[in-house]
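Enquirer:
Numbering (this note's numbering), first residue to last: 2 to 292.
1) Using CA atoms only, rank isn't needed, just tell me which of 153, 82, 182, 228 is closest to residue 117.
2) Express the C-alpha separation of residue 53 and residue 110 in angstroms, rounding to a whole number.
3) Beta-carbon separation of residue 233 and residue 216 under 8 Å?
4) Which one of 64, 77, 26 has the shortest CA to CA distance from residue 43?
5) Going by DSSP in three states, residue 335 sits in which element: helix, strand or coil?
6) Going along the chain, which unbroken runs of the alpha helix (DSSP H) with 4 or more residues stay wholly within the segment 22 to 100?
7) Could you round the C-beta distance between residue 22 and residue 14 to whole angstroms and report it? I think they count as a contact, below 8 Å.
8) Within the same chain, show all residues whose beta-carbon is closer than 7 Å to that of residue 257, passing over the 5 residues directly before and after it, in chain order.
9) Indicate whether residue 180 and residue 155 have their beta-carbon atoms separated by less than 8 Å.
10) Excluding the 5 residues preceding and the 5 following residue 211 in the sequence, name in chain order all residues of the same chain whose CB lies nearer than 6 Å to its CB.
11) May I ask which residues mark the beginning and end of the alpha helix (DSSP H) holding residue 134?
12) Please say whether residue 87 and residue 98 have beta carbons closer to each other than 8 Å?
13) Identify, in the order they occur along the chain, each residue of the same chain with its Cβ nearer than 7 Å to the Cβ of residue 2, setting aside the five sequence neighbours on each side.
14) Among the residues of its own chain, which have a CB less than 6 Å from the CB of residue 17, if the five just before and after it don't count?
15) Could you give the distance in angstroms between the alpha-carbon of residue 145 and the alpha-carbon of residue 56?
16) If we require 4 or more residues per run, which alpha helix (DSSP H) segments fall completely within the segment 123 to 169?
17) Is the beta carbon of residue 20 sitting closer than 8 Å to the one on residue 37?
18) Looking at the unbroken alpha helix (DSSP H) that takes in residue 230, where does it start and where does it end?
19) Quick one: grab the DSSP three-state call for residue 199.
20) What's the call for residue 165, buried or exposed, on a 16-neighbour Cβ count within 10 Å?
21) Considering only the alpha carbon of each residue, which of 33, 237, 81 lies closest to residue 60?
22) Tell me the rounded alpha-carbon separation between residue 221 and residue 265.
23) Check whether the Cβ atoms of residue 178 and residue 148 sit closer than 8 Å, and answer yes or no.
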């Protein structure tokens with residue numbers, strides 16, 4: 002440990018070197034520990050240590066009590082921060098700290114459940130977007146008064162089908178668009194949203210890889226090139242539709258269609274095939290002349 006302190010004493014006067022050390026995931030935990038606890042370490046360096054996923058637990062515990070909110074925010078974002086520290090940070094007076102606890106995918110479900118009731122909508126948005134948020138919490142967030150909370154709930158891959166069905170009827174176009182974008186949205190809901198009055202909702206349906214083929218065929222004939230472009234790039238678009246779109250008047254539509262993995266590229270004919278076709282044509286011509 003004394004060797005690490007001597008090393009740090011040599012480089013503490015060089016902030017650029019300290020930053021590299023504090024950020025490097027291969028930095029020994031003893032060095033990170035000293036950087037976290039050293040009174041001469043400035044806030045920026047402590048923040049870098051807080052973000053470092055190799056930081057030891059005792060260093061994170063120290064940094065979680067730091068007076069600078071940026072340092073505490075780094076601890077809140079670190080996926081290796083223990084649950085007990087995240088519990089403490091979840092009640093932090095600073096919004097950014099609570100927000101980063103809410104979006105941390107290592108945050109336990111019980112903490113997310115509590116943060117789902119946070120008075121600030123940004124924190125609730127972070128909970129709605131977290132893949133670890135329990136289904137019952139997502140169901141409640143789907144009824145949140147803030148449209149962006151409902152928006153991120155609609156985007157969450159774990160949001161259940163019945164909740165997505167309810168959100169597909171949301172008064173806000175942005176929420177309906179998020180439902181149309183979600184790859185777990187039931188196909189019958191996508192069929193309904195394909196007729197939505199909102200253009201961006203329909204485009205999201207055209208981009209969804211689970212959209213039924215019949216809907217994609219309809220969109221491929223739409224007068225709006227943006228919809229045809231979405232169909233041309235969709236992984237679920239059939240080869241026949243792509244062949245048609247490869248002849249579209251819009252250059253980007255043609256490009257996307259021909260670069261789709263489902264596009265049926267015509268195989269170049271061999272010299273033998275070309276000769277046979279030419280020979281058959283000549284024979285047909287001779288027969289006609291004889292008649």
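The beta-carbon is built from N, C-alpha and C at its ideal position, and this holds for glycine as well.
Fair warning: this is a prediction, and the values are worked out from it, not measured in the lab.
Expert: By the coordinates alone:
1) The option with the nearest alpha carbon to residue 117 is 153.
2) One C-alpha to the other measures close to 23 Å.
3) Contact: no.
4) Taking residue 43 as reference, the option from 64, 77, 26 with the minimal CA-CA separation is 64.
5) No answer is possible for residue 335: the residues shown for the chain start at 2 and end at 292.
6) The alpha helix (DSSP H) runs of length 4 or more contained entirely in the segment 22 to 100 are, from start to end of the chain, 30 to 38, 44 to 52, 58 to 64, 70 to 78, 84 to 90.
7) That belief does not hold up - the Cβ atoms of residue 22 and residue 14 are roughly 13 Å apart, past 8 Å.
8) Apart from sequence neighbours up to five positions away, the residues of its chain that approach residue 257 with a beta-carbon distance below 7 Å are 230, 233, 234, ordered along the chain.
9) Closer than 8 Å, so yes.
10) Within the same chain, Cβ atoms closer than 6 Å to the Cβ of residue 211 are found at 184, the five residues on either side in sequence being excluded.
11) No alpha helix (DSSP H) contains residue 134, which DSSP labels as neither H nor E.
12) The answer is no: Cβ separation not under 8 Å.
13) With a pLDDT of 47 at residue 2, under the threshold of 50, the predicted position of this residue should be treated as unreliable, though the coordinate-derived value follows. Taking residue 2 as the centre and dropping the five residues before and after it, the same chain places the C-beta of 31 closer than 7 Å to its C-beta, in chain order.
14) Here the set comprises nothing.
15) So the two alpha carbons sit approximately 37 Å from each other.
16) 136 to 142, 148 to 156, 162 to 168, all fully within the segment 123 to 169.
17) Between residue 20 and residue 37, the C-beta spacing is not below 8 Å.
18) Its alpha helix (DSSP H) spans residues 226 to 234.
19) It is coil, neither helix nor strand.
20) Buried, by the Cβ-count rule.
21) The residue with the shortest Cα to Cα distance from residue 60 is 33.
22) When the Cα atoms are used, residue 221 and residue 265 turn out to be separated by approximately 16 Å.
23) Taking 8 Å as the Cβ cut-off, residue 178 and residue 148 do not qualify as a contacting pair.
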